[in-house]
Each structure stands twice: as C-alpha cells, then as structure tokens.
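Participant: Heads up: the first sequence begins at 1 in the working numbering, then just goes up one per residue.
I'd like to ask you about the structure that follows.
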Amino acid sequence: MRLALVLCLSKTTMSELPDRYDPAKTEPEVYAEWLEHDCFGADASRSSRLGGDRTPYTIVMPPPNVTGILHVGHGLNNTVQDVLIRWARMRGTEALWAPGTDHAGIATQNVVERLIAQEGKTRFDLGRDAFVRRTEAFVEEKGGVILKQLRAIGASADWKRTAYTLSPELSRAVREAFVRLYERGLIYKGHRVIHWCPRCLTSLSDEEAEFQDEPGSLYRIAYPLSSDPSRSVTIATTRPETMLADVAVAVNPKDDRYRALVGKTVRLPIVHIDIPIIADDYADPEFGTGVVKITPAHDANDFEVGKRHNLSAPVVIDETGKMVEERDASGRVPAVLQGVDRFEARERIVAMLRDEGALKGIEAHQHAVRHCYRCDTVVEPRLSDQWFVKMAPLAEPALAAVRAGAIRILPERWEAVYVHWLENIRDWNISRQLWWGHRIPVWYCDDCDPPQNVIVSRDDITQCPYCDGPVRQDEDVLDTWFSSWLWPMSTLGWPNDQSRDLKAFYPTDVLVTAPEILFFWVARMIMAGYAFLGRAPYHSVYLHGTARDTQHRRMSKSLGNGVDPLDVVALFGADAFRWTLIAGLGLGADVILDPADLEKSFAPGRNFATKLWNIGRFLLSNLGDEPVRPLAELDPKQFSLADAWILERLDTALAECDGALGPLQPTKASDTVDGRVWRTDERYAGLRLNEYAESARRFAWNELADWYLESVKGRLARDAESDDREVARAVLLHVFDAALRLLHPVVPFITEALWQKLPGRAAGEYLVRASWPRITARAGARAGEEFELVREAVLAVRQIRGDYNVAPGKTLDVSILVSGDRRIYEENAPTIGRLARARVTVASGGAPEGAAHAVLRGGSEVVVPLAGLIDVDKECQRLRTELEQLAKQIVSREQRLANPKYVERAPEHVVKSDRATLDEMISKRGQLTEKVRALCGA
RNA sequence: GGGCGAAUAGCUCAGUUGGUUAGAGCACCCGCCUUACACGCGGGAUGUCGGGGGUUCGAGUCCCUCUUCGCCCACCA
C-alpha cells in the first residue's frame, strides 16, 4: 500500500519529465500502451443499434494498395480520419475506424510482372496459377507494410478488424454482389469497343483511361471516288494507321457539299478496296473537311455508326498494339506493315499515302489522348466482349440521396460534379483480362444451348447443372473497384445479414478521401449501398486536397518531389507531421510542402509540441503533490480575475472548436430518405479542421501559457495564502487538462504523454478515451472582461518599454491613473507588475511631466516616468503623430456617422458601437492633448 | 469545347451571411539565456487584398471583364 502510494506520487514529480520532449522515445511507448489496452477497439454490443448505450460512429479507411508504402497523401488522408475518429471517440460515441488494404488488381499485377521481367520472363511463361501464387507470395512478403507505417503517425484504427479485398470473406461479398446484379438483369455481356491497354493487355473502364492533352497531327487524306478517280473526298484523321480498317466514310446528311455523293463509293488508299459514302449525323460539317472515316473496330463512335449502317468491323491492330500479322478476312494489312507497332505503322502509312499522292496535308492538332491510369501507355480502342454493369438504375437513388441531403459532400462544390457524372453515367466495364483479382463467377457449358450455356454462381461449380457436362470458368477477373465499391459493407460482414458489426456500424458516418476517386469509388460505394442494403454507406463525404511541392506539382515517386512521412516522424515526431497537415488544411485546399526543407514545413508542429511539454513541466513542478480539488467544488467567488478570464477563454475556445468541427451526424429525421438528413443550416458546416486546430492552439499557447501561467506564478508559491493557492492549482489543472483534451485529436502522442502525468489519474485511464471537454460557464463573463483591462495595462507598459529600448531586466515604476473603477487595478497591481516587470502604483490626478504614457480603454492611463531614460523630443514627436492619426480617424468616423444613409441602413449594433468608439476616441484625444501640453509645452 | 477553383505580408495560408483600424505561422529587424520553454520571451516593420470597371452609406467579401495558375468533364474524327 505504502509502496503504491510512493509510486503514485513519483509519477507527478519533475524527475520523470526530461527537459526536452523526445518524440522518438515517447511516441512508440504511448502507441504500444494504447494497443495494449485496446484503446482503439470498437464493440458492436455497445452500439445503440444493438441496444447499447452509445451512438455508433464509423469511418472505413480507404484501403491503400496492399503492397504500397506510405507517402504524404496517405499521411494526409489518414491523419484527417484519425482526427475525426479520435474526436468522435472522445465525444462518447462507439467509434470504429475500420482499416484494410486493397489487392489493387492491375497495380499489383504490374509490380509482379516487372519483378519476373527481371528474370527474363513474362506472366505467360509462368502460367496463370503459378503467376497468381507468385503474386500471393509477394503480397504475403511485402503486403501490409503500409498499415504498420500508419501506426507510426498515430492512426487509431481497430486493427483487429483489418480487412483485405481479396480475403475469403470479401471475395464472398464480391460474388454475392455480382450474382445479385446479374439476377436483377443489371450485369450483361457486351460486344463493343472498349478502352484497351496494349501493355497491361486488359480492358479499362472509362475512368481508368485518363485523358491527357497532347500535341498531335491532323492528317488530311484523299479517298478517290471509285467511279471517277480524278475526284475525291478528303477526310481528316489523327490516327491514319486505323484507315486500313475503314469500312465507310460518313458525311452529315445536311451537308450540301456532299449530298450528291452519298451512296457512291470511294477507293480506300493502300488497301485499294471500295467503301461506301454514308450519311450520318455523327459527321460534323464544321470539323476538318466534314468527311469522317468510319473504322468500327478501332473507335467507339465509329462502332456505333457501323451498327447503325450494318457495316462490318475488320480488325487491323492486335491486342499488343501491333498491326495484325495473320491476314484477316479482308486482307487489309499489307505484308510490310504486319507486326509493326501502331505508332511506327502510322509513320509508314503516312509515307505510303504520300507516295500514292493521297496525303493532302498535315497540321498540328492539340487533342486529348487516353492513357492507362496504371502504366501511362496510350490506350487503344478495341472491339471485344466484356461484362458491364448497367448503371442508370443504380445511379438514381445515389442522386436522390445527395439531392435530399441524406449525403453531403464537402467542399460543397463537388456535389455538382457528382450530380453531373451520375446524370450522364455510362455502363461500367467490369471485366479485366488480368490474372490478379476476383475471377468472374461465370461458367460456360459448351454442350448446352443459350441461355443455359452461361451459368452465374455464388459457389464454384465443376459441372453443368443442366447437362452435367464439363464447364469452364470465364478467364477474366473483375475490376479492382468492383470489390472496393462494397468496402463499407463488406468490411462489416456483408453479405452475412446476421453480422453484428454490420448491424452495429452500418451505415457508417464519414468517408475521407481525395476528389480524384470521387467517381472511381465514392459514387460507386453510394450506389452499392443503396443497391444491396437500401441505405447510403455514409452521410458525409470529406474530400481533401492533394499534397504538392512548392511549384504546386503533385508529389510523386517519379518526380522525386515527395516527402516521406516516416522521415518527418523521425526528425520531428508524428505530432509535428500531423499538426502541419491539419493546421494548414483549409477545407478542400491543397497542402503545399517543401520537400527540400522539411524544417520549414514541420518546425511549427515540433515547436508547438515542445511548448506543450514545457507547460506540462511548469505545471507539474508547481502544482505540488497534494490532491487538487475539482473545479466544480470551488466557489466562483474565489476566482481571481485571471481565473475567471482563463475559464471564460476556455469556454470560448471550446465553442470555437465545436463550431469548427461541426455536428457529428445529421439530426433531422426523414421518413423518406435514410431516416436522417442534413438540416440546411448544418449541411455544409463543420469539418474545418484547420480552424479547430488554430483555436485550440491559441488557447493553449497565447492564452494559457502566455497570460494565465504568467499571472498565476506568484499564487503557486508554497508560502502563498493557502486558499488562493488551492484555487489557482485547481483552475490551472482544469484548463490544462481541457487544453490537452481539446488538442488530443491533432497531436495525440504528446497530449497523452502529458495527460498521463497529471495528478488524479487512475490507472488504465487514457486521454484517447477521455471525454471531450464541455462548456461550463463557471466564471462570469464580466470578470473575464475585467482581466482584459489588466492585460491592456501590461501591454501598454511593454510597448513603452519597447519604444524606449528599456532593458527587459529593468524594473520600472509605473503609475496607473485611474478614471473610474479603481478596484480592478488595485487588486491586480501585483499581477500587472509581474507581467510587465514593474512596481505598480494606482493613483488618480493629472499626469506628471517627463513620463511616457498610454491611454487605456475606459480612459485610465498608464504612466511610466522615465527620467533620464527617455528622449523628451522623441516622445513628443510620437505623441503628436498619435494625436494626428487619432484626429484623422475621428474625422472619418464623424463623417460616416453624419451620413444619414449610413445611420438609416446600417444595422443598429454597428452604428451603436461606432458611436461608442467615437466617444472614446474623443475622450482619448482630450487626454492626449493635455498630455502633449504638459510634456512638450506648446 | 463546357464547367469549377485559386490569386491577400518575402513564404505557406486564415478571413463566416458585405460592417469599426485585414490576421496567423514561418522568415525578417531590435532587445532579452526574466528560475516551464532560445524548438523560447518581449517589442517591431511589412499588404494600392492579381488588373480594370460596377453595385452600395460601406467591398478582400457581391456583379461584369481581363490576366495568370490549377483541377474536373467532354464521342470534334
């Protein structure tokens, strides 16, 4: 017992707080303790949806690529989530942050393909099974590193719930989703031109084929009329290599220039076959020559035109982007071009056209070219069979949700982008000709007739359910995003309807991500939420900016302009890293960091942590070991002005932080949409993390440390009057404790480390699970305002000290000439003296000569006799300047107040305070004038 | 081609529905190792709020226009 007491006491002594904060030592220790005590674990049975007493609050982590490593973008994304989840946890919710990784089909396959390429092999050399095993082994070896790295920046996710998109559980979810959509007729196989990456050898969705503006050429080629080779039509194309597959040329039916030619044929150069001239609205008379070549197999639009006109679709470019080798049915590719790469073929074909005299011109042409989002290869439109999801029916509830306010997107402007995309949504190509991913759950029976030859199944099958014959599974895998879009449900147990997690935590609350995957992922998750569970997956989407360098370039590995979060953690600590990101993160704004000068970006965070550490050191060394009374036990009448002031400032800071963070969840009931919707006044409020961080910082540093701590010093001395010392200790501990709580979500490590040392901590009590501070209004607002007068007096003396270069170490004799209530100054003369390093006397009457002075609010005056120290001429000069400025301000204010329109139209409180200020200025001018007369004669 | 955003102190950025004299951090200048903190303390300087025009008693804030940068969307081959 005695031993325990001694240990307990020693916890609060200075010896345990080193002079300097060492994040490298503290952060891992604190994190280990959090893990050890399961501080991040969420419990489904505590959720109010399962009869528990806490509102659930859930964030699902956007799953990083399983083999990825942490970069600043992840750091930003996860820090935002961690701030929110820690805040929610402290607000008393059952907070779940569900982590996980993504198998990242095409990305991971590319990485492994590069690895085996170093052995001189391709995936085809290994074969499918061996390649998949190889990839699994790679994931096993390298995977999940990023989640460990997230711990270094303080991520408080519930790690025991870590999910993986290719796990057996999530694979079941993928199958279930596919089958359900197929059964609803929303999945179909389509034969059309899709985006194809000739390097990855797979199809891509519209979103995966990214536009890049590039300078190109527009080639004009003459196609002679079959009937009269002396006449020709000239087409314009950026891709002459596809002309070999032309099956027609099209003109607009309204285009008078060509009307007579419709129905005739032209002779295709090089290939020398006849193709028809057709009329179709697709041809734009304004563009080029108004004649467009039609190549159904190599252009999505031409494919549609071809369908309308019943044209064939010969293929001249193969899956690797080379001109086809075997002679296709129409024999269109000359032997010299067979097997030639498409871009090389372009050059050669242009040369051949020139030789034939068919080339009519080449002009520079800026155009947008689609590239593979994973390997940047120019995408080739390719005719093939792919599985598609019919999106329009899924989009409807997703649109309605945002329109009705069941889901909000911040920053608000992205809602319009979201709506526009959904309104114009196109079907989603979900099959990929890859090996790494969820195999499409479709089997084919060669012995049965349609429709029984296609079997879609939740379970693997080995024989045909109709004829018991052999079946073969579709070779393709699903788009990675087909597993991602189920993430908020699948991580919680869907499709198991009995899953307690699903019941307890779905719908989740906020999704935090970057705008670039709004379509890829966010919108599709919302659609999936409605499609499979009839509820939106979350009520808020928070889109943050991008990490960029000082030239505003996106940070990337290839540019080498990245900032490694772990470097920052090693140099300055995770708190410094987090602080910089959050404090500088305006809603939706990009974060600009200088990779060449980490100190510049991250020192503010480190400095702030050090400041907190030193406040803690002061506090612990001055509080003593005796128990500290809770604030609630104190009689507010015992508060000094400073006590009342700091308590009032705390309440203000709390209100500001709460305002900046906003409502946790929507509160307005709705019987039509999702049960709850955002109230219009709350819809775009909150999640201003930078404002919250700044308010909390200002309170801790500029108010608590700079003023309260300084003012309280004398009262803490051991020989101080015991009652007052008690009050000071209680207030000091209370406000610091509150500051640590307030700051914890942003800088969790240092706040936890300090909080643990505060007196009165029970074993096993952690700040991470402590309650969010609440406004108490323990001190009257008036007392708080009175301390402002004290602060003003101190500032005035300091300013005079600065103006006259008086050494800070020198104690000044200061008189305060009071007009009005003497009590405030009399009571606080010692405080003013300590803060301003002065002997303070309170007096009344006229100002003495040869003194510097300052007029305070309310008309009192601070007078500092500086005989021998001041330059009277200089002071007179200063006073006269001040008087002139004051006079100008008075004039402009009088003019404004004399304006009848202003008085009539401006809000009453504005005019009123304007008048009050004017009165004060006039009174100040009177005193100043007198002062000048006394000091300077004239 | 359509749409969106940004432009405020040397740098990175705040500035709520228009409302008193536009702020913070860093950097800079002056003075301080004042017994929590030099990763600190005190004081200071710094802005035709991108240019031009307009609405208003009043504009960084609203409207028009121009310039520069960034992003998204788009079947002009």
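All residues carry an ideal CB built from backbone N, CA and C; glycine is no exception.
1) Whole angstroms is fine: what's the gap from T462's alpha carbon to D385's?
2) Tell me whether S232 is buried or exposed, calling it buried when 16 or more other Cβ atoms sit within 10 Å of its Cβ.
3) From what residue to what residue does the alpha helix (DSSP H) around P830 run?
4) Helix, strand or coil for S490 per DSSP?
5) Measure how close the beta-carbons of D255 and G290 come, nearest whole angstrom, since I'm counting them as under 8 Å.
6) What residues are listed by DSSP as bridge partners for N429?
7) By alpha-carbon positions, which one of V891, D213, K307 ends up nearest to I922?
8) What does the alpha-carbon distance come out to for the pair V797 and V790?
9) Measuring only the C-alpha atoms, how far is L422 from A392?
10) Taking 8 Å as the threshold (C-beta atoms), are A98 and Y57 in contact?
11) Measure the beta-carbon distance from V628 to A730 and round it to whole angstroms, keeping in mind my assumption that it falls under 8 Å.
12) Within 10 angstroms of the Cβ of D228, are there 16 or more other Cβ atoms? Answer buried if so, exposed if not.
13) Does DSSP put L964 in a helix, a strand or coil?
14) Per DSSP, what are the beta-bridge partners of A852 in this structure?
15) From R683 to Y530, what distance separates their C-alpha atoms?
16) Is G858 closer than 8 Å to E648 when the C-beta atoms are compared?
17) Which one of L486, L654, E703 has the shortest CA to CA distance from T776?
18) Ignore the nearest five residues each way along the sequence and tell me which others in A660's own chain have a CB closer than 6 Å to its CB.
19) Let me know the beta strand (DSSP E) ranges lying completely inside the region 204-251, each 3 residues or longer, listed in chain order.
20) Between the alpha carbons of P18 and E726, how many angstroms are there, rounded?
21) Any heavy atom of the ligand NAP closer than 7 Å to the Cβ of A401?
22) Am I right that L733 and L623 are in contact with their C-beta atoms under 8 Å? What's the rounded C-beta distance?
23) For C936, which of helix, strand or coil comes out of DSSP?
24) Along the beta strand (DSSP E) that carries E94, what are the first and last residues, could you check?
25) Round the Cβ separation of E958 and I832 to the nearest angstrom and send it over; I've been treating them as touching at under 8 Å.
26) For D274, which residues does DSSP report across the bridge?
27) Quick one: give me the first and last residue of the beta strand (DSSP E) that V363 is part of.
28) Are there 16 or more other CB atoms within 10 angstroms of the CB of S10, so buried, or fewer, so exposed?
29) Nearest-angstrom Cα distance between G105 and D476?
30) Given a cut-off of 8 Å, decide if V768 and E788 are closer than it, judged by their beta-carbon atoms.
31) Return the residue from the list S913, L935, A763 that minimises the CA-CA distance to H37.
32) Consult DSSP for D22 and reduce its assignment to one of helix, strand or coil.
33) State yes or no: is the C-beta of Y373 within less than 8 Å of the C-beta of E208?
34) Give the secondary structure of M90 by DSSP, where H, G and I count as helix, E and B as strand, and everything else as coil.
35) Could you have a look at I317 and say whether DSSP puts it in helix, strand or coil?
36) Kindly identify the DSSP beta-bridge partner or partners of Q473.
Facilitator: In this structure, then:
1) For the purposes of this step, residue 462 is taken as residue 462 along the first sequence, with counting starting at 1. For the purposes of this step, residue 385 is taken as residue 385 along the first sequence, with counting starting at 1. Looking at the two C-alpha atoms, the distance is approximately 24 Å.
2) Counting from 1 along the first sequence, the entry for residue 232 is found at position 232. Note on S232: 16 or more other CB atoms within 10 angstroms of its CB, so buried under the neighbour-count rule.
3) Looking up residue 830 in the first sequence gives position 830. Under the DSSP assignment, P830 falls in the alpha helix (DSSP H) whose first and last residues are 823-836.
4) Your numbering for residue 490 matches position 490 in the first sequence. Three-state DSSP puts S490 in a helix.
5) Here residue 255 is taken as the residue at index 255 of the first sequence, counted from 1. Here residue 290 is taken as the residue at index 290 of the first sequence, counted from 1. A Cβ-Cβ separation of about 5 Å places D255 in contact with G290 under the 8 Å criterion.
6) As a first step, residue 429 must be located in the first sequence, where it is residue number 429. In the DSSP output, where bridge partners are listed per residue, N429 has F388.
7) Along the first sequence, read from residue 1 onward, the residue named residue 922 stands at position 922. Comparing alpha-carbon positions, the option among V891, D213, K307 lying closest to I922 turns out to be V891.
8) Position 797 of the first sequence holds residue 797. Position 790 of the first sequence holds residue 790. So the alpha carbons of these two residues sit roughly 11 Å apart.
9) Your numbering for residue 422 matches position 422 in the first sequence. Your numbering for residue 392 matches position 392 in the first sequence. One C-alpha to the other measures close to 8 Å.
10) Position 57 of the first sequence, counted from the first residue, corresponds to residue 57. Position 98 of the first sequence, counted from the first residue, corresponds to residue 98. No. Outside cutoff.
11) Stepping through the first sequence from its first residue, residue 628 is reached at position 628. Stepping through the first sequence from its first residue, residue 730 is reached at position 730. Contact between V628 and A730 holds: CB atoms are separated by about 6 Å, below the 8 Å threshold.
12) For the purposes of this step, residue 228 is taken as the residue at position 228 of the first sequence. So D228 ends up on the exposed side.
13) As shown, the chain starts at 1 and ends at 938. That puts residue 964 outside it, with no answer to give.
14) Taking the first residue of the first sequence as position 1, residue 852 is located at position 852. In the DSSP output, where bridge partners are listed per residue, A852 has V864.
15) As a working mapping, residue 683 is identified with position 683 in the first sequence. As a working mapping, residue 530 is identified with position 530 in the first sequence. R683 and Y530: Cα-Cα distance of roughly 21 Å.
16) Taking the first residue of the first sequence as position 1, residue 648 is located at position 648. Taking the first residue of the first sequence as position 1, residue 858 is located at position 858. Their beta carbons are not under 8 Å apart, which means E648 does not touch G858 by this criterion.
17) Your numbering for residue 776 matches position 776 in the first sequence. Distance check between T776 and each of L486, L654, E703 places L654 closest, using alpha-carbon atoms only.
18) Sequence index remark: in the first sequence, residue 660 carries index 660 (1-based). Annotation for A660: R688, E691, Y692 place their beta carbon closer than 6 Å to its own, counting only its chain and skipping 5 residues before and after.
19) List check, beta strand (DSSP E) in window: 209-224, 232-237, 248-251.
20) What you label residue 18 is simply residue 18 of the first sequence in a count that begins at 1. What you label residue 726 is simply residue 726 of the first sequence in a count that begins at 1. Those two C-alpha atoms are separated by around 26 Å.
21) This structure lacks the ligand NAP, and indeed carries no ligand of any kind.
22) For the purposes of this step, residue 733 is taken as the residue at position 733 of the first sequence. For the purposes of this step, residue 623 is taken as the residue at position 623 of the first sequence. The beta-carbon distance between L733 and L623, rounded to whole angstroms, is 7 Å. This is short enough to meet the 8 Å contact definition.
23) By 1-based counting over the first sequence, the position of residue 936 is 936. C936: helix per DSSP, three-state reduction.
24) On the first sequence, position 94 is the one that residue 94 refers to. For E94, the enclosing beta strand (DSSP E) starts and ends at 94-98.
25) The structure shown does not extend to residue 958, since the chain is modelled only from 1 to 938, so the question has no answer here.
26) Along the first sequence, read from residue 1 onward, the residue named residue 274 stands at position 274. Per DSSP, R267.
27) The residue you call residue 363 lines up with position 363 of the first sequence. The amino acid occupying residue 363 in the given sequence is Glu; Val does not appear at that position. Run containing E363: 359-372, per the beta strand (DSSP E) assignment.
28) Your numbering for residue 10 matches position 10 in the first sequence. Since pLDDT at S10 reaches only 38, below the 50 mark, its modelled position is unreliable, and no value is offered.
29) For this step, residue 105 is matched to residue 105 along the first sequence. For this step, residue 476 is matched to residue 476 along the first sequence. Whole-angstrom Cα-Cα distance: 12 Å.
30) As a first step, residue 788 must be located in the first sequence, where it is residue number 788. As a first step, residue 768 must be located in the first sequence, where it is residue number 768. Their beta carbons are not under 8 Å apart, which means E788 does not touch V768 by this criterion.
31) On the first sequence, position 37 is the one that residue 37 refers to. Of the residues S913, L935, A763, the one whose Cα lies closest to the Cα of H37 is A763.
32) In the first sequence, counting from the first residue as 1, residue 22 sits at position 22. In the structure shown, D22 sits in coil (DSSP, three-state: anything other than H, G, I, E or B).
33) Counted from its first residue, the first sequence places residue 373 at position 373. Counted from its first residue, the first sequence places residue 208 at position 208. Yes, they are a contact pair.
34) Against the first sequence, residue 90 aligns to sequence position 90. The three-state secondary structure of M90, taken from DSSP, is helix.
35) By 1-based counting over the first sequence, the position of residue 317 is 317. It is a strand residue.
36) What you label residue 473 is simply residue 473 of the first sequence in a count that begins at 1. BP columns for Q473 point to W443.
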